[in-house]
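What follows is one structure encoded as structure tokens, with my remarks underneath.
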Amino acid sequence: MGITSKIFGEKRTGPTEGYIDLEKYTDAQAGGAPAARMYVAIGEIQKYEELKKLTDYVYGGNVLILDFTAIADQEVLLKRVTNELKRATDDIGGDVAGIGNNLMIISPNGVKVERRKIKG
Numbered sequence: 000m001g002i003t004s005k006i007f008g009e010k011r012t013g014p015t016e017g018y019i020d021l022e023k024y025t026d027a028q029a030g031g032a033p034a035a036r037m038y039v040a041i042g043e044i045q046k047y048e049e050l051k052k053l054t055d056y057v058y059g060g061n062v063l064i065l066d067f068t069a070i071a072d073q074e075v076l077l078k079r080v081t082n083e084l085k086r087a088t089d090d091i092g093g094d095v096a097g098i099g100n101n102l103m104i105i106s107p108n109g110v111k112v113e114r115r116k117i118k119g
């Protein structure tokens with residue numbers, strides 16, 4: 000037994016109890032697996048001009064979790080951004096809702112955000 004084995008333990012090559020290989024569950028694009036119909040992305044907004052790119056993502060049928068921490072203390076800008084997001088989701092039949100203090104979720108057509116917390 001070498002010194003590294005004493006420090007880090009022996010190298011195990013076989014599966015251990017409770018081990019699940021998650022690689023077979025991943026969406027491997029190169030492996031020929033079909034692409035997802037909808038994606039969930041995390042975005043961040045720091046100025047009003049960035050809003051177009053973010054809404055385009057939702058117009059494309061995807062869900063966006065938006066971090067607005069950078070503009071949270073700018074009340075006028077935050078109100079302007081949220082009004083524009085509400086207008087955009089109304090246009091496409093989507094939904095927008097706050098999550099916690101500095102996050103919003105913006106969903107596309109056919110996806111509504113449940114406002115009640117699920118307790119488990």
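Anchor point for the sequence shown: position 102 equals 101 in numbering that gives the first Met the number 0, and the numbering is continuous, going up by one each time.
Glycine included, each C-beta is placed from N, C-alpha and C at the ideal position.
Reference residue i; option with closest CA among the options
i, options, result
"L50", "L63, Y38, V39", "L63"
"D55", "K46, T88, A35, G119", "T88"
"N61", "I105, L84, R114", "I105"
"E83", "V57, A69, D20", "V57"
"R36", "G97, G93, G59", "G59"
"I91", "K78, N108, N100", "N108"
"I98", "T68, Q73, G119", "T68"
"I70", "L53, Q45, K52", "Q45"
"L102", "L77, G119, L21", "L77"
Residues near residue i by beta carbon distance below 6 Å, same chain, minus five either side
i, result
"I41", "I64"
"G43", "Position check: residue 43 holds Glu in this sequence, whereas Gly was assumed. So the list reads D66, once near-sequence residues are dropped."
"A34", "none"
"D20", "none"
"V110", "none"
Spatial neighbours of residue i in its chain, beta-carbon cut-off 8 Å, leaving aside the 5 residues before and after
i, result
"V112", "D94, V95, A96, I104, S106"
Distance CB(residue i)-CB(residue j) smaller than 8 Å
i, j, result
"V80", "Y38", "no"
Close beta carbons around residue i, own chain, < 7 Å, minus the five adjacent residues each side
i, result
"K85", "V95"
"R114", "A96"
"L53", "G42, I44, L63, L65"
Contact test: residue i Cβ vs the ligand SAM heavy atom, cutoff 7 Å
i, result
"T68", "As for the ligand SAM, it is missing from this structure, which has no ligand bound."
*asked:* Suppose only complete runs of 3+ residues qualify. What are the beta strand (DSSP E) ranges in the region 27 to 56, listed by chain order?
replied: Listed in chain order, they are 39 to 43.
Problem - Start-end ranges of the beta strand (DSSP E) lying completely within the region 51 to 96, minimum 3 residues - result: Listed in chain order, the beta strand (DSSP E) runs fully inside the region 51 to 96 are 62 to 66, counting runs of at least 3 residues.
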